[in-house]
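Scroll down for the structure; my scribbles are underneath it.
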Amino acid sequence: MDLDPAALVADAARAVAESESADELSAAANRFLGKKGSLADAKKGLGAMEPDQRKAAGQAINAVKAEVEALVDARRAELHALARAEQLEAERLDLTEVHTELRRGHLHLVTQARYRLEDVFCGMGYKVAEGPEVETAWYNFEALNIPEWHPARGSFDTIFVNMGEPESVMLRSHTSPVQIRTMEQQKPPIYIIAPGRTFRTDTADATHLPAFNQIEGLVVDRGITMGDLAGTIDEFVKAFFGHEVETRLRPSYFPFTEPSAEFDISRDDGSWLELGGCGMVHPEVLRNCGIDPDEFSGFAFGFGIDRLAVMRYQLDDIRELVNNDVRFLRQF
Ligand code: DAH
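For the sequence shown, this note's numbering gives the first residue as 4, with consecutive numbering after it.
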């Protein structure tokens with residue numbers, strides 16, 4: 004027998020390394036380790052050997068066999084791992100959860116303005132009152148000293164609701180009805196503000212919205228004077244707009260106040276800007292709510308929150324507030 008162990012192991016190593024699949028590897032292993040393989044051939048030659056030679060040759064054959072087996076086992080494990088990796092890759096499910104950064108929103112600028120107003124007035128001891136958006140003629144007009152024949156009714160451009168007697172139910176045209184509802188429910192001293200939505204038949208343009216927000220103020224107590232009204236307006240304007248801003252009252256007319264005034268705030272260029280209406284609560288209004296005008300007096304005021312937001316943020320079109328363009332709203 005002419006067994007060259009080193010050459011055989013080298014041949015086997017090459018064949019094993021070149022096997023690219025389990026089948027190829029089995030075939031290669033068979034060529035060396037199988038019944039008709041090289042090692043089997045070599046074994047056959049042992050019979051014809053001298054006993055001492057036979058022993059050495061037998062050991063050599065066994066050593067080669069063990070070495071080739073080890074090579075085959077290693078390659079098999081390698082091919083198995085490769086196949087497994089390929090399979091995993093092919094069957095891969097992408098379970099990645101995409102976590103885009105959460106963008107935090109913020110309150111609409113009208114809501115921000117409203118909350119700031121509430122803060123300022125709550126700081127002065129006021130409570131926040133509410134009333135319904137659909138009102139009756141009594142609360143929206145009559146109790147506020149605006150009888151049916153009164154020309155002021157026309158100036159409110161009321162949106163009526165088709166319910167009951169004609170023009171008896173409406174979307175409130177101002178927040179003043181909350182004055183009446185509050186005075187009906189509680190006795191003086193009363194210090195409230197009433198922010199909320201109001202409605203008029205106005206067509207939307209750069210300075211008007213048919214649905215807008217007002218804030219009403221009402222104080223009823225003993226010995227309340229116009230000086231308290233002027234001081235309160237000045238205090239709130241300074242808290243809201245800044246201490247450099249001045250206020251003034253200008254005589255005006257509202258059926259539910261006597262005397263009545265409009266209040267203005269000063270602008271940087273020295274001009275004045277009208278903000279809202281105010282006055283001393285009309286004795287008739289107090290009487291309508293069961294409050295004795297000889298014992299109590301009060302003041303009231305009302306103005307638009309949307310317009311306030313327009314001024315504060317220097318918008319050039321009030322409709323921006325309701326367009327809901329997020330690119331616009333994000334700026335504030
Ligand atoms: N309600 C009035 C309006 O919408 C505003 C107003 C004026 C409210 C005078 C008042 C007030 O409380 O005293 O035009």
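Each residue gets a CB set at the ideal place from its N, CA and C atoms; glycine is no exception.
Please read these numbers as outputs of a predicted model, since none were measured by experiment.
Per DSSP, reduced to three states, the secondary structure at serine 255 is strand.
Here the alpha carbon of proline 262 sits roughly 6 Å from the alpha carbon of methionine 283. Glycine 40 carries a coil assignment under DSSP once its states are collapsed to helix, strand and coil. Under the three-pair Cβ rule at 8 Å, the stretch 137-145 does not count as touching the stretch 109-125.
In the structure shown, threonine 139 falls within a strand segment according to DSSP collapsed to helix, strand and coil. At the C-beta level, leucine 49 and glycine 40 stay beyond 7 Å of one another. Here the alpha carbon of leucine 174 sits roughly 16 Å from the alpha carbon of leucine 147. Here arginine 333 has no same chain residue with a Cβ atom under 6 Å from its own Cβ, once five neighbours each way along the sequence are excluded. Secondary structure note for arginine 200: its beta strand (DSSP E) is the uninterrupted segment 193-202. Sequence-distant Cβ neighbours of valine 222 in its own chain, meaning closer than 6 Å and more than five residues away, are Tyr194, Gly301 and Phe302. Following the DSSP letters along the chain, one finds phenylalanine 215 inside the beta strand (DSSP E) bounded by residues 214-224. Annotation for arginine 79: Ala25 and Leu28 place their beta carbon closer than 8 Å to its own, counting only its chain and skipping 5 residues before and after.
The three-state secondary structure of glutamate 247, taken from DSSP, is coil. The beta carbon of proline 286 sits closer than 7 Å to those of Pro296, all from its chain and outside the five residues before and after it, given in chain order. In the three-state reduction of the DSSP assignment, valine 131 falls in the strand class, which pools E and B.
In this model, alanine 77 and alanine 13 are separated by some 15 Å (Cα to Cα).
Between the beta-carbon of isoleucine 218 and that of valine 240 there is about 13 Å, and that puts the pair past the 8 Å contact cut. Runs of the alpha helix (DSSP H) lying entirely within the stretch 259-306 and spanning at least 4 residues, in chain order: 286-291. Taking C-alpha positions only, histidine 211 is separated from proline 192 by approximately 35 Å.
Shown here for lysine 46: same chain residues with a beta carbon closer than 7 Å to its own, the five before and five after excluded, namely Ile64 in chain order. Shown here, methionine 314 sits in a helix according to DSSP, grouped into three states.
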